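*Asks:*
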Amino acid sequence: MAHNRGTKHISLDSMVFGKITNLNEECPDELYEVAELIMKKCKGLPLAIVTIGGFLAKQPKTPMEWKKLNSHISAELEMNQGLRNIKNVLNKSYDGLPYHLKPCFLYLSIFPEDQDIKRNRLVRRWIAEGYSTEVLGKSVEEIAESHFMELIDRSMKLPNKSTYFSQKVIDSCQVHDLMREISISKAVEENLIFRLEEGCNSNTNGMARHLSISANWKGDQADFESMVDVSRIRSLTVFRKWKPFLISDKMRFLRVLDLQDTRGLCNHHLEHIGKLVHLRYLSKRL
Numbered sequence: 001m002a003h004n005r006g007t008k009h010i011s012l013d014s015m016v017f018g019k020i021t022n023l024n025e026e027c028p029d030e031l032y033e034v035a036e037l038i039m040k041k042c043k044g045l046p047l048a049i050v051t052i053g054g055f056l057a058k059q060p061k062t063p064m065e066w067k068k069l070n071s072h073i074s075a076e077l078e079m080n081q082g083l084r085n086i087k088n089v090l091n092k093s094y095d096g097l098p099y100h101l102k103p104c105f106l107y108l109s110i111f112p113e114d115q116d117i118k119r120n121r122l123v124r125r126w127i128a129e130g131y132s133t134e135v136l137g138k139s140v141e142e143i144a145e146s147h148f149m150e151l152i153d154r155s156m157k158l159p160n161k162s163t164y165f166s167q168k169v170i171d172s173c174q175v176h177d178l179m180r181e182i183s184i185s186k187a188v189e190e191n192l193i194f195r196l197e198e199g200c201n202s203n204t205n206g207m208a209r210h211l212s213i214s215a216n217w218k219g220d221q222a223d224f225e226s227m228v229d230v231s232r233i234r235s236l237t238v239f240r241k242w243k244p245f246l247i248s249d250k251m252r253f254l255r256v257l258d259l260q261d262t263r264g265l266c267n268h269h270l271e272h273i274g275k276l277v278h279l280r281y282l283s284k285r286l
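The sequence shown maps to residues 1 to 286 in UniProt numbering.
1) With a 10 Å radius around its C-beta and 16 neighbouring C-beta atoms as the bar for buried, classify Gly264 as buried or exposed.
2) Count the other C-beta atoms from every protein chain shown that fall within 10 angstroms of the C-beta of Ala144, then say buried if there are 16 or more, exposed otherwise.
3) Can the beta-carbon of Leu211 be found closer than 8 Å to that of Ile233?
4) When burial is assigned at 16 or more other CB atoms within 10 Å of the CB, is Leu151 buried or exposed?
5) Determine the direct distance from the alpha carbon of Val256 to that of Ile50, and round the result to whole angstroms.
6) Under the rule that 16 or more other beta-carbon atoms within 10 Å means buried, what is Ala222, buried or exposed?
7) Which residues bound the beta strand (DSSP E) around Ile193?
8) For Glu190, tell me which candidate among Trp242, Ser71, Met207 has the shortest Cα-Cα distance.
9) If the criterion is Cβ atoms closer than 8 Å, does the pair Glu60 and Glu30 meet it?
10) Please state if the CB of Leu106 and the CB of Ile193 are separated by a distance shorter than 8 Å.
11) Buried or exposed: which applies to Cys42, given that a residue is buried once 16 or more other Cβ atoms fall within 10 Å of its Cβ?
12) Drop a sphere of 10 angstroms on the beta-carbon of Ser235, count the other beta-carbons inside from all chains shown, and report buried for 16 or more, exposed for fewer.
13) Using C-beta distances below 8 Å, list every residue in its chain close to Arg125, excluding the 5 sequence neighbours before and after it, in chain order.
14) Roughly how many angstroms separate the alpha carbons of Asn88 and Pro46, rounded to a whole number?
15) Between which residues of its own chain and Ala215 is the CB-CB distance below 6 Å, once the five residues before and five after are set aside?
16) Does DSSP put Leu276 in a helix, a strand or coil?
17) Which partner residues of Arg263 appear in the DSSP bridge assignment?
18) The beta strand (DSSP E) with Ser283 in it runs from where to where?
Written out as structure tokens, the structure is:
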């Protein structure tokens with residue numbers, strides 16, 4: 001943070017955060033540990049560092065108070081007037097996106113928190129969904145690649161890894177926790193993406209175009225059929241162990257089937273895939 005604790009490397013972000021929150025040598029080690037956890041959630045976003053740091057500076061410097069913020073940061077962003085400014089600004093960042101980038105940004109909410117999203121995976125999915133169209137002599141691939149880089153340039157997502165060939169290439173990205181909250185809420189508002197996860201119940205009605213099944217969802221076939229209208233979905237992404245009932249002939253409009261993070265998948269599970277006549281993208285790891 002803002003002082004030297006042993007020989008540990010201190011990032012510039014941590015130094016700024018420590019300065020804003022007035023951390024000093026008298027603060028207990030446990031408080032610094034919680035501060036580091038909160039800093040990780042800021043992920044270098046200047047607005048988050050300054051606003052959350054300023055809020056903490058006015059709070060009691062006790063590990064209990066700071067742990068409470070760390071555990072419930074999403075709720076605090078909604079309820080606490082001092083932090084609500086972050087969400088308002090981030091909402092304006094979304095509202096200011098060009099029309100063609102908004103669905104690309106909302107599409108990111110399909111993926112789990114802290115997921116390393118490969119560039120090729122995302123670009124190919126966007127193309128399959130029709131989010132990229134040939135224009136002014138540029139191919140759909142070139143347009144989709146430009147969408148990827150423009151979202152990074154606008155800080156709507158974060159570059160993750162770089163590979164060097166003849167030039168620097170960003171080959172994957174992550175979504176900042178706070179931006180992901182915006183993406184999820186907007187996608188739900190527009191009935192674009194349904195995330196089947198722990199906490200969903202039989203009263204939940206998934207009628208969105210994109211279905212994402214989380215690793216923590218433990219439901220059975222009866223639960224699935226009561227909660228999801230599969231006849232409407234355009235993409236299916238599965239992050240849990242495979243079950244045969246997760247795919248159906250009723251998915252007649254399915255364009256994207258992404259099983260890259262699916263466990264327990266065998267070739268015979270997909271023997272009827274030929275009936276999905278609109279399928280444009282298939283990714284699986286056997």
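By construction, the Cβ of each residue, glycine as well, lies at the ideal position given by its N, Cα and C atoms. Nothing here was measured: the structure is a model prediction, and the numbers come from that model.
*Replies:* The answer reads as follows:
1) Looking up residue 264 in the sequence shown gives position 264. Counting Cβ neighbours within 10 Å, Gly264 comes out exposed, since fewer than 16 surround it.
2) If you number the sequence shown from 1, residue 144 lands on position 144. Buried, by the Cβ-count rule.
3) Reading the sequence shown from its first residue, position 211 is the one you call residue 211. Reading the sequence shown from its first residue, position 233 is the one you call residue 233. Cβ distance < 8 Å, so Leu211 and Ile233 count as in contact.
4) Position 151 of the sequence shown, counting from 1, holds the residue named residue 151. Burial call: buried.
5) Sequence index remark: in the sequence shown, residue 50 carries index 50 (1-based). Sequence index remark: in the sequence shown, residue 256 carries index 256 (1-based). The sequence shown places Val at residue 50, not Ile. About 40 Å.
6) Start at 1 with the first residue of the sequence shown, and residue 222 comes out as number 222. It is exposed - the Cβ of Ala222 has fewer than 16 other Cβ atoms within 10 Å.
7) By one-based count along the sequence shown, residue 193 stands at place 193. Per DSSP, Ile193 belongs to the beta strand (DSSP E) from 193 to 196.
8) Against the sequence shown, residue 190 aligns to sequence position 190. Here the closest residue by C-alpha is Met207.
9) In the sequence shown, counting from the first residue as 1, residue 60 sits at position 60. In the sequence shown, counting from the first residue as 1, residue 30 sits at position 30. With the sequence shown as reference, residue 60 is identified as Pro, and Glu is not the correct amino acid for it. No, the Cβ-Cβ distance between Pro60 and Glu30 is not below 8 Å.
10) Reading the sequence shown from its first residue, position 193 is the one you call residue 193. Reading the sequence shown from its first residue, position 106 is the one you call residue 106. For Ile193 and Leu106, yes; Cβs fall inside 8 Å.
11) On the sequence shown, residue 42 is found 42 positions in, with the first residue counted as 1. It counts as buried.
12) In the sequence shown, the residue the question calls residue 235 occupies position 235. By the neighbour-count rule (16 or more Cβ atoms within 10 Å), Ser235 is buried.
13) Locating residue 125 in the sequence shown gives position 125, where the first residue counts as 1. Answer for Arg125: Tyr107, Ser235, Val256, Asp258, Tyr281, listed in chain order.
14) For the purposes of this step, residue 88 is identified with residue 88 of the sequence shown, where counting begins at 1. For the purposes of this step, residue 46 is identified with residue 46 of the sequence shown, where counting begins at 1. If I take the Cα positions, the gap works out to 15 Å.
15) The sequence position of residue 215 within the sequence shown is 215, counting from 1. Counting only Cβ-Cβ distances below 6 Å, and skipping sequence neighbours, we find Phe239, Arg240.
16) For this step, residue 276 is matched to residue 276 along the sequence shown. In the structure shown, Leu276 sits in coil (DSSP, three-state: anything other than H, G, I, E or B).
17) Along the sequence shown, read from residue 1 onward, the residue named residue 263 stands at position 263. Lys241, per the DSSP bridge assignment.
18) For the purposes of this step, residue 283 is taken as the residue at position 283 of the sequence shown. From DSSP, the beta strand (DSSP E) with Ser283 extends over 281 to 284.
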